Amino acid sequence: MKNSHLHGTSLTAKLLDESPVKVDNPIKIGDLTFRDGHQSLFATRGRTEDLLPIAEEMEKVGYWCMEVWGGATFDTMHRFLNEDPWERPRQLKKYLKKTKLMMLLRGQNLVGYRNYADDMATAFVERAIANGIEIFRTFDALNDFRNFETVIKPIKKSGMHFQGTISYSLTEPRMGGAVYNLDYWVKCAKQLEDMGSDSFCIKDMAGLIAPYDAYYLVKALKENVKIPIHLHSHFTSGMADLALLKAIEAGVDIVDTCLSPWAFRSSHPAIEPLVMALRHTNRDTGFDLHQLAKCSEWFEKISPKYRYLLDDRMSIIDIGVLLHQTPGGMLSNLINQLREMGASDRLNDVFRALPEVRKDMGQVPLVTPTSQIVGIQAVNNVLFDTPEERYKMISAQTKDLFFGLYGHTPVPVNPEVQKKALKGYPRGEAPFAGRPAEILEPEMPKNYEDTKGLAKDIDDVLIYGMYPMTGKRFLNWKYGKEPVPPEVLPKTLEDCAREAELVKKAKAGLLVEKPKKEVPPKGAESRQFKVFVDGDYFSVDVEAVGGAPLITGITPVAAPVAKAAPAIAPKPAPAPAPAAPPRPSAAPVAGGTKLEAPMPGMVIRYAVNEGDTVKEGDVVMILEAMKMENSILAPVSGTVKQILCQSAQSVQKGDVLAIIG
Ligand code: MN
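Letter by letter, the sequence shown follows residues 24 to 684 in our numbering.
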């Protein structure tokens with residue numbers, strides 16, 4: 024720099040030549056590549072076999088922690104990957120001996136989508152610790168920390184790290200307003216510090232946090248709590264890199280990043296540019312860029328396996344978040360739902376309804392599962408409300424929320440809507456104010472009972488307890504009691520190259536759609552691939568490695584919700600192309616009033632039998648749509664003359680569910 028004309032004047036020259044800055048407060052880094060990275064980009068489909076080979080090199084980087092488990096991993100591993108979820112941390116710990124392994128824990132929801140009983144929550148956390156998890160990033164969708172009480176105990180008892188986490192939320196485009204202001208967040212942090220939090224995490228799951236809001240928030244937190252502050256944001260809106268930098272200036276202790284191949288889009292800022300940005304500052308990471316490059320190279324190499332799951336829009340940011348604070352995952356859910364109901368033109372009405380519905384529900388943060396509950400209720404209101412009556416179709420989950428089954432909402436709910444929602448509610452019409460899990464019966468005895476002769480240990484029992492249907496199916500695969508379907512088997516890079524070739528051909532119109540053969544030719548080991556072609560999702564059967572691609576069939580299958588999921592985190596992606604149960608086939612008897620499905624969905628159960636007498640407004644059956652359960656009411660009083668569907672059956676809008684006469 025001696026001969027530079029900038030010598031002695033530029034900041035760079037000063038940093039390099041004159042007074043090297045003392046690194047007195049290096050920023051610590053949490054790496055998310057092994058969990059949130061692929062959850063955000065590839066619907067959590069990352070396989071253990073693609074993580075293990077690079078783990079030892081990741082260890083050399085010097086991360087404060089690596090998030091490797093929790094969130095949606097438990098669900099997708101046993102459901103889509105035929106992997107024992109417990110095996111991953113156990114294997115990784117062999118290579119990541121010094122690096123602390125972190126999991127994302129949904130408080131009393133554990134790694135599922137409902138509150139589990141205390142006995143199960145305790146057992147789950149104990150087993151997570153036994154299998155190698157050391158840091159528990161624990162959050163609740165409502166920021167009701169009573170939902171942490173049970174899981175904290177085993178974490179603290181075993182000396183593990185409890186990271187109290189808030190679900191960052193806004194009611195205005197920027198931080199502030201009556202609900203989510205600095206006072207609210209500082210109050211949360213103090214509360215969590217008092218509960219024994221070892222650190223505090225701002226979990227900005229939708230990429231909403233603006234850089235200067237991050238700055239003032241971190242400043243306020245540093246002034247008011249002693250525990251380290253950790254910032255987790257998503258790149259979704261494009262602000263996260265800026266937000267991280269401003270938070271670092273404000274003194275944040277730890278930030279989350281991914282290796283560059285699995286960074287950006289709805290994932291996270293990349294680590295490499297951050298390392299360079301902080302070099303020669305007092306917050307220098309001290310990381311070796313060459314070591315990072317070595318790790319990134321590995322992910323670049325294996326990424327073709329996952330590319331088909333990547334959103335391929337030109338824009339890598341989602342300005343929807345900036346425009347209306349609706350993250351991509353939630354938005355595509357709403358669009359999907361509207362399309363299925365034949366009401367795609369109502370999206371703007373839904374945008375108008377959303378803030379109202381959210382306000383009625385106590386301004387809950389929008390994260391799984393509240394984002395779905397609020398979003399689908401808004402859709403229901405737009406489609407079914409009349410000028411005389413609001414909240415005509417209230418989902419069971421909305422009712423649960425109004426009852427208090429998820430916990431306290433950040434501000435009180437609308438009492439009128441609450442009263443309506445709780446009319447005839449099975450647990451009682453008066454809302455419940457206690458800790459949600461208080462009213463749940465122990466679950467473990469039944470889990471043991473149900474898995475007798477199948478489960479070999481408590482980890483198996485917990486897989487079942489968490490996800491009874493798919494959990495049991497996985498245990499059957501694991502112990503050879505059911506054949507493992509080809510679509511859950513790992514694919515090699517060669518498989519993927521072949522698949523990419525097929526996609527190319529399909530796009531060029533060179534593949535002719537044929538009816539799928541019922542039985543594959545004997546001896547030919549066929550493999551099934553799921554491929555996207557121009558937004559449509561196809562299932563393609565090809566012959567095993569070694570032979571020329573033998574296309575036995577291309578069958579359009581239901582578009583996976585998974586592709587759009589990432590931005591707001593975990594959503595249980597649907598099972599791969601299950602055989603659809605038959606549509607109603609019985610012919611409705613003549614006469615009487617038809618009860619038609621008001622929306623497409625799946626029949627959960629009927630509340631009545633043929634021959635029963637019903638009054639207008641009585642619940643006839645429960646229909647699930649977009650994971651929300653809706654009570655379908657009798658349109659008239661009379662006798663149930665005919666029931667036309669059965670449990671687990673899929674129905675379209677307008678299908679006749681029952682005849683009442
Ligand atoms: Mn996240």
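From the three backbone atoms N, C-alpha and C, an ideal C-beta is built for every residue, glycine too. Keep in mind it's a predicted model, so treat the numbers as computed, not measured.
- Comparing alpha-carbon positions, the option among ARG70, LEU525 and ILE77 lying closest to LEU315 turns out to be ILE77.
- ALA201 sits exposed, since fewer than 16 C-beta atoms from the chains shown fall within 10 Å of its C-beta.
- The beta carbon of ALA273 sits closer than 6 Å to the beta carbons of TYR238, VAL241 and LYS242 from its chain, once the five residues preceding and following it are set aside; these are given in chain order.
- TRP321 has its alpha-carbon roughly 49 Å from the corresponding atom of GLY457.
- Buried is the label assigned to HIS431, since at least 16 other Cβ atoms lie within 10 Å of its Cβ.
- Rounded to whole angstroms, LYS328 and PHE97 show a C-alpha spacing of 20 Å.
- The alpha carbon of MET126 has as its nearest neighbour, out of ARG58, ASP372 and GLY494, the alpha carbon of ARG58.
- Per the C-alpha coordinates, the member of MET649, PRO623 and LYS664 positioned closest to VAL643 is LYS664.
- Under the DSSP assignment, TRP92 falls in the beta strand (DSSP E) whose first and last residues are 88-93.
- In the three-state DSSP reduction, HIS303 falls in the coil class, being neither helix nor strand.
- Its Cα nearest to that of LYS116, the residue GLU157 stands out among SER256, ASP279 and GLU157.
- Cβ contact annotation for GLU80 (same chain, cutoff 8 Å, sequence separation greater than five): GLN314, LYS317, CYS318 and TRP321, in chain order.
- Look at the beta carbons and you see the stretch 385-405 touching the stretch 339-355: at least three pairs across the two are nearer than 8 Å.
- In the structure shown, the three-state DSSP call for MET125 is strand.
- For ARG111, the uninterrupted alpha helix (DSSP H) run begins and ends at 110-118, by DSSP.
- For PHE185, the enclosing beta strand (DSSP E) stretches over residues 184-190.
- If you check the C-beta of MET81 against ligand 1, you find no heavy atom less than 6 Å away.
- Beyond the five residues adjoining it in sequence on each side, GLY614 comes within less than 6 Å, by CB distance, of GLY684 in the same chain, given in chain order.
- Judged by DSSP secondary structure, SER63 falls within the alpha helix (DSSP H) whose first and last residues are 61-65.
- Look at MET228: its beta carbon is less than 6 Å from one of the heavy atoms in ligand 1.
- CA-CA distance, LEU312 to GLU295, rounds to 7 Å.
- SER670 sits away from GLU639, with the two beta carbons spaced by 7 Å or more.
- No heavy atom of ligand 1 is found nearer than 6 Å to the CB of ASP107.
- One alpha carbon belongs to ALA620, the other to CYS668, and they sit about 11 Å apart.
- PRO454 sits close to PHE426, with the two beta carbons spaced by under 7 Å.
- The Cβ neighbour count for VAL626, taken over all protein chains shown within 10 Å, is at least 16; the residue is labelled buried.
- Cα atoms of LEU268 and PRO234: separation of roughly 8 Å, rounded to the nearest angstrom.
- Among the bridge pairs identified by DSSP, VAL679 is matched with GLU619.
- Linking GLU652 to TYR448 through their CA atoms gives a straight-line distance of about 14 Å.
- One thing to note: LEU193 has its Cβ within 7 Å of the Cβ of TYR203.
- If you draw a straight line from the Cα of ARG197 to the Cα of PRO388, it is about 14 Å long.
- Relative to ligand 1, the beta carbon of ASP59 is positioned inside 6 Å of a heavy atom.
- For ASN470, the number of other beta carbons within 10 angstroms of its own is at least 16, and it is reported as buried.
- With a cutoff of 7 Å on beta-carbon distance, LEU244 and ALA270 are scored as not near each other.
- Secondary structure within the stretch 251-294: the alpha helix (DSSP H) runs of 4 or more consecutive residues, fully enclosed, are 263-272 (chain order).
- Inclusion of ASP54 and MET100 in the CB contact set at 7 Å is not warranted, their separation being larger than that value.
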